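Protein chains: 2
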Amino acid sequence: MKLATYRSESRDGRLIVVSRNLQRAVDASDIAPDLLSALEHWEVAAPLLQQRYEALNADPPGAGFSFEVDSCAAPLPRPSQWIDGSDFPNHGHWVCKALGIPALASAAPLMYQGGTDDMRGATQDLILPDESLDIDLEGEVVAVLGDVPMGVSEEDATKHIKLLMLANDCSLRALQAQEMQSGFGMIRAKPSTSFSPVAVSLDEVKPWWIQNRLHRKMQVHRNGEWIGNPDASLMKRGFGPLIAHAAYTRRLRAGTLLGSGTVSGPDDFAGSAAIAEIRGMEIEKHGEARTPYLRFGERVRIEMLDDEGQSIFGAIDQRIARQFPGGVV
Amino acid sequence: MKLATYRSESRDGRLIVVSRNLQRAVDASDIAPDLLSALEHWEVAAPLLQQRYEALNADPPGAGFSFEVDSCAAPLPRPSQWIDGSDFPNHGHWVCKALGIPALASAAPLMYQGGTDDMRGATQDLILPDESLDIDLEGEVVAVLGDVPMGVSEEDATKHIKLLMLANDCSLRALQAQEMQSGFGMIRAKPSTSFSPVAVSLDEVKPWWIQNRLHRKMQVHRNGEWIGNPDASLMKRGFGPLIAHAAYTRRLRAGTLLGSGTVSGPDDFAGSAAIAEIRGMEIEKHGEARTPYLRFGERVRIEMLDDEGQSIFGAIDQRIARQFPGGVV
Chain A
3 MKLATYRSES RDGRLIVVSR NLQRAVDASD IAPDLLSALE HWEVAAPLLQ
53 QRYEALNADP PGAGFSFEVD SCAAPLPRPS QWIDGSDFPN HGHWVCKALG
103 IPALASAAPL MYQGGTDDMR GATQDLILPD ESLDIDLEGE VVAVLGDVPM
153 GVSEEDATKH IKLLMLANDC SLRALQAQEM QSGFGMIRAK PSTSFSPVAV
203 SLDEVKPWWI QNRLHRKMQV HRNGEWIGNP DASLMKRGFG PLIAHAAYTR
253 RLRAGTLLGS GTVSGPDDFA GSAAIAEIRG MEIEKHGEAR TPYLRFGERV
303 RIEMLDDEGQ SIFGAIDQRI ARQFPGGVV
Chain B
3 MKLATYRSES RDGRLIVVSR NLQRAVDASD IAPDLLSALE HWEVAAPLLQ
53 QRYEALNADP PGAGFSFEVD SCAAPLPRPS QWIDGSDFPN HGHWVCKALG
103 IPALASAAPL MYQGGTDDMR GATQDLILPD ESLDIDLEGE VVAVLGDVPM
153 GVSEEDATKH IKLLMLANDC SLRALQAQEM QSGFGMIRAK PSTSFSPVAV
203 SLDEVKPWWI QNRLHRKMQV HRNGEWIGNP DASLMKRGFG PLIAHAAYTR
253 RLRAGTLLGS GTVSGPDDFA GSAAIAEIRG MEIEKHGEAR TPYLRFGERV
303 RIEMLDDEGQ SIFGAIDQRI ARQFPGGVV
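Protein chains in written order, with my numbering: chain A, 3 to 331; chain B, 3 to 331.
Right, dumping it as structure tokens:
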């Protein structure tokens with residue numbers, strides 16, 4: 003099934019079910035007011051949501067209401083927590099090159115704890131204070147988890163993946179090197195993260211969900227121009243080991259998001275889902291970075307298509323915008 | 003006023019108002035179902051909660067119900083986000099010594115993004131998988147924020163502090179050095195954080211709230227034995243600069259927690275609110291650490307008293323317990 007969250011008076015938004023083709027939707031707030039509540043009561047809620055989804059897909063074309071991406075919040079505007087891996091070594095390699103810092107040498111999975119209070123919807127502006135902070139996109143696959151027990155095995159971990167979605171995990175590269183070297187990780191270098199309009203259950207991606215990885219390419223555009231279609235199947239460890247790593251010293255509660263890290267591979271023709279990678283390669287080749295980071299007014303588009311070219315998750319398609327002093331909180 | 007959260011069917015718990023002497027309480031879930039909701043609607047909720055608090059304090063001794071600390075969840079079991087500073091340089095100095103890593107040299111405030119999905123109540127067990135992970139306590143002061151605009155000034159930042167509370171920000175020292183050196187910060191080294199039974203408004207600590215710092219000593223015990231009373235007034239920057247730092251590239255949404263870092267000072271007779279500090283000093287003095295980290299079954303107590311010896315926030319008083327395989331999620 004495909005689920006989304008419409009913005010509402012509640013900061014957790016209102017749960018809706020979206021048709022497979024992303025054209026129509028129906029309210030689901032009678033089943034659970036928001037997706038976070040649905041995840042807490044997944045055993046009860048999931049079959050009801052699935053039933054409503056199947057009815058919507060079977061209904062005549064005018065059933066429900068038109069699905070408006072611009073009304074979407076993030077599927078989980080305020081998830082229980084946000085843990086982001088970095089499971090594509092190619093990404094780390096080129097970003098370190100771009101930042102001028104030593105390559106990261108960690109035998110353990112790399113992951114950071116992200117902010118949770120203000121996740122952005124797919125077409126909401128990404129609001130930032132200053133373009134000189136070197137604004138970058140990061141296209142990722144994100145697993146939405148149910149309750150995960152402490153000490154879960156790598157094998158059992160994937161059973162707790164309830165939904166998948168895409169993210170633009172924005173990074174501010176000018177702040178990143180210092181924060182990475184502080185010992186405390188990233189705070190200012192990681193502003194709000196944005197998410198695809200819909201989150202989908204694993205059966206929606208069944209042909210491509212193999213060994214805890216999504217075997218699809220991500221389509222990434224900057225101002226309408228292609229910049230990459232990296233392959234999400236190239237995760238080094240896959241989601242199971244990442245979840246088990248995070249749950250080693252604590253249980254993870256329903257509504258936890260776990261990210262793959264920026265999708266990236268060594269294929270020269272695949273482009274990139276992060277500008278820093280492109281700049282790292284330019285430094286290697288030309289001795290200098292040539293591709294600028296994002297400026298205010300630019301747009302980023304991230305999506306993933308099925309074999310028929312239909313969008314699986316809907317597209318993240320957002321503008322980089324400036325926070326004006328005294329701007330809306 | 004003093005507010006607490008009783009555990010309930012909701013994962014955000016149920017809001018109650020607690021008398022100044024922490025003896026009695028009344029339900030407040032008609033004003034806001036939980037503290038997170040109250041913070042989202044603080045302008046409306048705060049005067050109503052204050053009114054109920056004053057009535058409770060004025061009522062005869064039997065009014066309301068007996069306040070049971072063991073029924074408490076964390077005041078915010080699932081805060082919007084958890085950002086923890088490290089604003090007592092003395093703490094960082096001795097912990098680095100204990101861990102055998104170079105002293106942290108950062109001109110910017112040190113802070114890490116913590117997990118939010120599973121905050122623990124004051125007397126709930128701190129459940130961990132293995133005592134060989136070097137289990138440590140960390141006694142902190144925590145500010146509970148309302149909505150904070152991006153780019154807030156250091157001066158304006160403190161206006162957004164709605165409540166204060168105490169925390170035991172448990173650390174697993176055996177995992178910390180590697181994670182601090184990974185560039186991505188701490189994930190496994192920072193399991194669930196625990197909080198004092200009540201959160202209090204600033205007027206409750208008015209005589210001691212000076213220059214964005216709480217001028218009180220923290221009382222810390224291990225298995226009933228005193229191990230420290232470090233002075234919370236020794237914050238290097240105070241809360242205003244910490245909030246402004248965190249809000250530089252993003253707004254902070256109501257229900258954000260911002261921690262002071264482990265309360266610590268250079269006074270030799272003040273003891274410590276973290277065992278790693280004690281071990282660092284032992285290494286300096288004797289060439290080896292002598293004080294063991296926490297073992298399963300041990301208890302930690304953290305509180306702060308007023309001039310009459312009455313507890314301001316109630317005490318964190320919890321047991322370190324082992325997660326058994328197949329234990330309760």
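Just so it is clear, CB atoms sit at the ideal spot from N, CA and C, and this is done for glycine as well.
Bear in mind that the values here come from a model prediction, so they are computed numbers and not experimental data.
Membership of I18 (chain A) in the beta strand (DSSP E) is indicated by the continuous run R16 to V20. A Cβ-Cβ separation of about 6 Å places V97 (chain B) in contact with E279 (chain B) under the 8 Å criterion. Contact of D120 (chain B) with chain A by beta-carbon distance below 9 Å involves S82, Q83, R252, R253, L254 and R255. Chain-ordered, the chain B residues with CB closer than 8 Å to the CB of Q180 (chain A) read S108 and A110. Looking from the CA of S196 (chain B), the closest CA among B:M167, B:P209, B:V202 and B:R175 belongs to B:M167.
The Cβ atoms of A60 (chain A) and R281 (chain A) do not sit closer than 7 Å to each other. The residue among B:R324, B:P35 and B:P91 with its C-alpha nearest the C-alpha of L78 (chain B) is B:P35. Those residues of the region 188-216 of chain B placed with their C-beta closer than 9 Å to a C-beta in chain A are M188, I189, R190, A191, K192, P193 and S194, ordered along the chain. Within the same chain, Cβ atoms closer than 6 Å to the Cβ of R297 (chain A) are found at E133, the five residues on either side in sequence being excluded. For Q53 (chain B), the uninterrupted alpha helix (DSSP H) segment begins and ends at W44 to A60. Counting only runs of 3+ residues, the beta strand (DSSP E) found wholly inside the region 56-105 of chain A occupies 83-87, in chain order.
Assigned with DSSP and collapsed to three states, G116 (chain B) falls in strand. Annotation: V20 (chain A) to F67 (chain A) spans about 10 Å, alpha carbon to alpha carbon. The Cβ neighbour count for Q213 (chain B), taken over all protein chains shown within 10 Å, is under 16; the residue is labelled exposed. Exposed is the label assigned to V46 (chain B), since fewer than 16 other Cβ atoms lie within 10 Å of its Cβ. One finds I189 and R190 in chain A with Cβ atoms closer than 8 Å to the Cβ of A248 (chain B), taken in chain order.
Neighbourhood of T258 (chain B) in chain A, by CB distance below 8 Å: D119, in chain order.
In the three-state DSSP reduction, G261 (chain A) falls in the strand class (E or B). Neighbours of M113 (chain B) in chain A, taken as residues whose beta carbon is under 8 Å from its own, are F186 and I189 in chain order. Sixteen is the threshold: since fewer than 16 other Cβ atoms of the shown chains lie within 10 Å of the Cβ of H288 (chain B), the residue is exposed. In terms of CA proximity to P91 (chain A), A:A107 leads the group A:S31, A:V146, A:A107 and A:T293. Looking at the DSSP output, G123 (chain B) sits in no beta bridge, so it has no partner there.
Contact between the region 177-189 of chain A and the region 108-124 of chain B is present: 3 or more CB-CB pairs across the two stretches fall below 8 Å. Residue pairing from DSSP leaves Q312 (chain A) without any beta-bridge partner. For the set A:R303, A:D136 and A:N231, the Cα lying nearest the Cα of A272 (chain A) is the one of A:N231.
Between R253 (chain A) and S235 (chain A), the CB-CB gap reaches or exceeds 7 Å.
L41 (chain A) has its alpha-carbon roughly 34 Å from the corresponding atom of R54 (chain B). For M306 (chain B), the beta-bridge partners assigned by DSSP are B:M220. DSSP, reduced to helix, strand and coil, places M167 (chain A) within a strand of the structure shown. Residues of chain B with a Cβ closer than 7 Å to the Cβ of M167 (chain A) do not exist; the shortest Cβ-Cβ separation is about 18 Å.
Here the C-alpha atom of Q325 (chain A) lies approximately 21 Å from the C-alpha atom of S73 (chain A). The beta carbons of G316 (chain A) and V202 (chain A) sit no closer together than 7 Å.
Per DSSP, Q320 (chain A) is not a residue of any alpha helix (DSSP H); the beta strand (DSSP E) it occupies stretches across I318 to R324. When rounded, the separation of the alpha-carbon atoms in G242 (chain A) and M306 (chain A) is 22 Å.
For E42 (chain A), the neighbours in chain B by C-beta distance under 8 Å run, in chain order, R13. Taking 8 Å as the cut-off between beta carbons, the residues of the region 125-141 of chain B near chain A are I129, L130, P131 and L135, in sequence order.
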